[in-house]
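In this note's numbering, the protein residues as written are 9 to 111.
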């Protein structure tokens with residue numbers, strides 16, 4: 009999930025998983041800036057980070073559900089030289105935006 013507004017720790021997030029036509033809710037465990045990803049489940053070292061249905065990297069430090077993967081906790085696919093926009097083949101402006109509402 010990608011947040012569409014800045015979110016404070018303790019906020020409950022509600023999101024729509026479009027390809028599964030279902031709604032999810034989860035607690036936000038840290039402040040997350042606009043446009044950043046949110047882990048939908050606890051993630052272990054070696055797990056794959058998915059954004060917009062695409063493998064964008066691997067987890068290198070555990071990531072808690074409701075927190076945001078960062079350059080400290082995950083690495084882009086293909087090593088340290090690619091960015092998410094490179095991996096997705098899109099400029100940041102062209103990347104689609106998911107919807108996450110706060111409740």
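Where a beta carbon is used, it is the ideal one built from N, C-alpha and C, also for glycine.
The structure displayed is predicted, hence computed values, not measured ones.
Boundaries of the beta strand (DSSP E) harbouring residue 64: 62-67, taken from the DSSP string.
For residue 58, the enclosing beta strand (DSSP E) covers residues 56-59.
With contacts defined by Cβ atoms closer than 9 Å, residue 76 and residue 45 form a contacting pair. 9 Å or more divides the Cβ of residue 74 from the Cβ of residue 25. By the criterion of a C-beta distance shorter than 6 Å, residue 31 is surrounded in its chain by 24, once the five residues flanking it on both sides are discounted.
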